[in-house]
Amino acid sequence: MMSNAQVLAQQLCRPELLDLQVYESARRLGGAGEIWLNANESPFNNSDIVGINRYPECQPPALIAAYASYAKLAPEQVLTCRGADEAIELLIRTFCISGQDSIGIFSPTYGMYAISAASHNVAVVDTALNEDWSLPVTATSTMQGCKLVFICHPNNPTGNLQSRAAIESLVKALPTSLVVIDEAYIEFSASESVIDLLEQYPNLVILRTLSKAFALAGARCGFCLADPAILTMMMRIIAPYPVPLPVALLAQAALTPDGLMQMRTQVQSLNQQRQRLAAALTECLAVSAVQPGQGNFVLATLSSLSLVTAILQQYGIVARQYKHPRLAQAIRFSVGHSADIERVIKALDAINANLANANDNQNKNKVNS
């Protein structure tokens, strides 16, 4: 008899994938022996990395075990891939029928949910976040019928967390949808993950990455955490070798006790710099609002966008601007080293001086007139 999760996974999965003849690489087929001649690999290893001339495991057992231990999950609840972006695409390709199904997002938010959906001809139900960036009370009704509903937690670019109660309420209210919580920045947050809810809700999926807190953006290693029945469906279309061996080795090292200690120390330092940056932005005369958030970034709404961008450019600082209407006057600053934040503060001081001089000149002109 199938579990509730297995029934749900089969109901949501694209029908043609249920009958798909899954590609089985030589590595996945395995075998026992001393001489491996089954994968058309080179016998020469021209690198210091042992085994680099051989194809890697599709789901490296040591990496899966390491992340499962970190996340306090069973290995069967963990799938690894080329960053959380690939997990987003895998979810859409596995569960959404092109030209028929839809996903739900709450904007403004991370752009790849909508882009990945659009690239597969999957509709996007876009519901606006409240003024304080919280989930709207209409969330449940607007997302009815969506195969996947994405919530970025903490949200990028606003940095805010959704309440645990709001997330759980949505998961409960959408039992035939997969509610995907993107926790790419969760290590920077003072709030707890909702990962423990996986045990209660088979329709809950959580995305994680090593790109942010673990400082491995260039390695491209992410994770999809879900009921094994959901991951089994995703494994039907995953690439044969999604995680290169050097990436797996880097990721495993990051998840050792020493690696985790280093990550937590660096997160603490970055959070302190985030507070410093937020305080400096609050004092800037060209900034009308600051959203410190719970990520490794700060969002600032500006009253003088052109002046700020011009002076940032003079100081060699590149920050992120947005096309979303609610963010048209905003800039997101990633948190860097102390020296990086010092440079930003100097740029903000220059902005203040520029505006102060402009005000002085304006006042003199009024007096003279």
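By the count of this note's numbering, the sequence shown reaches residue 366 at its end, each step adding exactly one. We put the CB at the ideal spot given by N, CA and C, even for glycine. Since this is a predicted model, take the numbers as computed values, not measurements.
* Asked: By a C-beta neighbour count over all protein chains shown, 10 Å radius and 16 as the cutoff for buried, is Met(-1) buried or exposed?
  -> Classification for Met(-1): exposed.
* Asked: My guess is that Leu194 and Gln159 are in contact by the Cβ rule of under 8 Å, so how many angstroms apart are they, rounded?
  -> Contact flag wrong, Cβ pair sits at about 13 Å.
* Asked: Mind pulling the alpha helix (DSSP H) runs of 4 or more residues that sit fully within the segment 248 to 325?
  -> Taken in chain order, the complete alpha helix (DSSP H) segments of 4 or more residues contained in the segment 248 to 325 are 254 to 279 and 302 to 311.
* Which residues in the same chain have their Cβ closer than 8 Å to the Cβ of Ser186, if we skip the five residues on either side of it in sequence? -> Once the five neighbours on either side are set aside, the close Cβ partners of Ser186 are Pro151, Leu158, Gln291 and Gly292.
* How big is the Cα-Cα spacing for Cys218 and Trp130? -> Looking at the two C-alpha atoms, the distance is approximately 29 Å.
* Asked: Nearest-angstrom Cα distance between Asp82 and Glu73?
  -> Approximately 21 Å, taken between the alpha carbons.
* Among Arg233, Glu280, Leu352 and Tyr319, which has the Cα closest to the Cα of Val341? -> Residue nearest to Val341 within the set Arg233, Glu280, Leu352 and Tyr319 is Glu280 (criterion: CA-CA distance).
* To do: Report yes if the CB atom of Val264 is closer than 9 Å to the CB atom of Leu278, and no otherwise.
  => One thing to note: Val264 has its Cβ no nearer than 9 Å to the Cβ of Leu278.
* Any chance the segment 305 to 314 sits against the segment 237 to 245, with 3 or more Cβ pairs inside 8 Å? -> Touching, no.
* Option nearest Gln326 by Cα separation, candidates Glu339, Ser303 and Ala347 -> For the residues Glu339, Ser303 and Ala347, the minimum Cα distance to Gln326 belongs to Ser303.
* To do: Check each candidate in Ala276, Thr135 and Lys144 and name the one with the smallest Cα separation from Asp98.
  => Looking at the Cα atoms, Lys144 is the closest of the given residues.
* Measure from the alpha carbon of Ile61 to the alpha carbon of each residue in Leu126, Thr306, Thr253 and Met260, then state which is nearest. => Of the listed residues, the one whose Cα sits closest to Ile61 is Thr253.
* Asked: Per DSSP, what kind of secondary structure is Gly80 in: helix, strand or coil?
  -> Under the three-state reduction of DSSP output, Gly80 falls in the helix class.
* **Reference Thr306, options Pro322, Arg329, Gln288 and Ala286, closest by Cα** => Of the candidates Pro322, Arg329, Gln288 and Ala286, the one whose C-alpha sits nearest the C-alpha of Thr306 is Arg329.
* To do: Report yes if the CB atom of Val191 is closer than 9 Å to the CB atom of Glu180, and no otherwise.
  => In this structure, Val191 places its C-beta atom within 9 Å of the C-beta atom of Glu180.
* Asked: Is it true that the CB of Leu257 sits closer than 9 Å to the CB of Val75?
  -> Not closer than 9 Å, so no.
* From Thr173 to His321, what does the alpha carbon distance come to, in whole angstroms? -> So the alpha carbons of these two residues sit roughly 30 Å apart.
* Report all residues from its chain with a CB closer than 7 Å to the CB of Gln249; omit the five preceding and five following residues, and keep chain order. => The answer, listed in chain order, is Ala59, Leu60 and Ala63.
* Asked: In this structure, what does DSSP give as the bridge partners for Leu201?
  -> Note: Leu201 is bridge-paired with Val176 in the DSSP secondary-structure output.
* Would you say Leu17 and Ile178 are within 9 Å of each other, going by their C-beta atoms? -> Not in contact: Leu17 and Ile178 (Cβ atoms no closer than 9 Å).
* **DSSP state of Ser138 mapped onto helix, strand, coil** => Three-state DSSP puts Ser138 in a helix.
* Give the DSSP bridge partners of Phe147, in chain order. => DSSP, once it has assigned bridges, lists Val177 as partnering Phe147.
* **Cβ-based burial, Asp255 [other Cβ within 10 Å; buried from 16]** => By the neighbour-count rule (16 or more Cβ atoms within 10 Å), Asp255 is not buried but exposed.
* Rounded to whole angstroms, what's the CA-CA distance from Gly215 to Pro237? Just pull it up for me. => Each residue's Cα considered, the two are about 21 Å apart.
* To do: Rounded to whole angstroms, what's the CA-CA distance from Tyr67 to Phe220? Just pull it up for me.
  => C-alpha separation (whole angstroms): 12 Å.
* Asked: Among Ala23, Val146 and Leu274, which one has its Cα closest to the Cα of Glu54?
  -> Checking every option, the nearest Cα to that of Glu54 belongs to Ala23.
* Asked: Considering Thr229, what are the terminal residues of the alpha helix (DSSP H) in which it resides?
  -> Unbroken alpha helix (DSSP H) run through Thr229: Pro225 to Met231.
* Asked: Looking only at DSSP bridge pairs, what is Val121 linked to?
  -> For Val121, which the question treats as bridged, DSSP gives the partners Ile100.
* Cβ-based burial, Tyr20 [other Cβ within 10 Å; buried from 16] -> By the 10 Å Cβ count, Tyr20 comes out exposed.
* **With 16 other Cβ atoms within 10 Å as the buried cut-off, status of Gln56** => Residue environment for Gln56: buried (at least 16 other C-beta atoms within 10 angstroms of its C-beta).
* Where Phe41 falls: helix, strand or coil (DSSP) -> Phe41 falls in the coil class under three-state DSSP.
* Compare the Cα-Cα distances from Thr229 to each of Tyr198, Lys343, Leu87 and Ile148 and report the closest residue. => Closest in alpha carbon position to Thr229, among Tyr198, Lys343, Leu87 and Ile148, is Leu87.
* For Lys69, does the count of other Cβ atoms within 10 angstroms reach 16, so buried, or fall short, so exposed? -> If you draw a 10 Å sphere on the C-beta of Lys69, you find fewer than 16 other C-beta atoms in it, and that means exposed.
* Through-space distance from His117 to Asn42, alpha-carbon basis -> CA-to-CA, the gap between Asn42 and His117 works out to about 39 Å.
* What residues match up with Val191 in a beta bridge as DSSP calls it? -> Answer is none; Val191 lacks a bridge partner.
* Thr369 - DSSP class collapsed to helix/strand/coil -> Within the shown structure, residues of the chain are numbered from -2 to 366, placing residue 369 beyond reach of any answer.
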